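Using the working numbering, you'd call the opening residue of the sequence shown number 320 and step up by one each time. Yeah, the Cβ is synthetic: ideal placement off N, Cα and C, and Gly gets one too. Fair warning: this is a prediction, and the values are worked out from it, not measured in the lab.
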Amino acid sequence: MKTSLLNKILTSDAGFAALILRAPVGLILAAHGAQKLFAWFGGYGLDGTGQWMASIGLTPGYLMAMLAGSAEFFGGIALLLGLLTRPAAVVSAFTMLVAIVTVHLGNGLFMANNGYEYGLVLFVVSIALAIQGGGRFSLDNLIVNKLTPKLN
């Protein structure tokens with residue numbers, strides 16, 4: 320039973336295209352998460368991001384900053400590595416959906432107006448990765464090929 324669930328989560332027939340999607344999106348998400356969590360790359364850290372989130376109605380702000388930052392940072396690293404790709408992609412997609420609805424939707428499509436186009440791209444790529452999995456060049460694939468035969 321455990322092997323079957325693990326296989327469903329990790330197995331992917333996707334090829335090189337999954338890596339092409341995972342790598343830049345994973346890096347971007349991880350960098351945005353690092354801004355929120357650690358104040359890296361010009362970010363405001365948990366305190367500043369938490370205050371901003373509270374100001375737009377996402378309360379408690381500090382907790383929301385920690386959740387969003389963690390989803391982006393750890394989810395991004397997981398996507399980059401192809402480790403638990405499907406769960407990481409679902410969490411990333413949900414995080415992007417919240418960002419679109421709460422921050423960007425009212426500003427229209429274009430990024431020049433703080434619109435939702437970029438968040439939408441990250442959302443759609445995350446959904447695609449949730450569906451197709453990490454692909455041949457992922458840690459998920461390595462785990463399935465190396466560990467699951469030993470579990471049977």
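Spatial distance of F413 from K465 (CA atoms): For the purposes of this step, residue 413 is taken as residue 94 along the sequence shown, with counting starting at 1. For the purposes of this step, residue 465 is taken as residue 146 along the sequence shown, with counting starting at 1. In this structure, the straight-line span from the alpha carbon of F413 to that of K465 is close to 31 Å.
Whole-angstrom C-beta distance between E436 and L428, which should lie under 8 Å: Residue numbering aside, residue 428 sits at position 109 when the sequence shown is read from its first letter. Residue numbering aside, residue 436 sits at position 117 when the sequence shown is read from its first letter. With a beta-carbon spacing of about 5 Å, L428 and E436 fall inside the 8 Å limit used to define contacts.
Cα-Cα separation, M385 to S331: Counted from its first residue, the sequence shown places residue 385 at position 66. Counted from its first residue, the sequence shown places residue 331 at position 12. Counting only the Cα atoms, S331 lies some 31 Å from M385.
Endpoints, alpha helix (DSSP H) assigned at D459: In the sequence shown, the residue the question calls residue 459 occupies position 140. Here the alpha helix (DSSP H) through D459 covers 458-465.
CB contact flag (F392, G352, <8 Å): Taking the first residue of the sequence shown as 1, we reach residue 392 at position 73. Taking the first residue of the sequence shown as 1, we reach residue 352 at position 33. For F392 and G352, yes; Cβs fall inside 8 Å.
Rounded straight-line distance, which links the Cα of A397 to that of V410: For the purposes of this step, residue 410 is identified with residue 91 of the sequence shown, where counting begins at 1. For the purposes of this step, residue 397 is identified with residue 78 of the sequence shown, where counting begins at 1. For V410 and A397, the distance between alpha carbons rounds to 11 Å.
T404, DSSP secondary structure in three states: Stepping through the sequence shown from its first residue, residue 404 is reached at position 85. DSSP places T404 in helix when its eight states are reduced to three.
Outcome for G454 when other beta-carbon atoms lying within 10 angstroms are tallied against a minimum of 16: Along the sequence shown, read from residue 1 onward, the residue named residue 454 stands at position 135. Burial call: buried.
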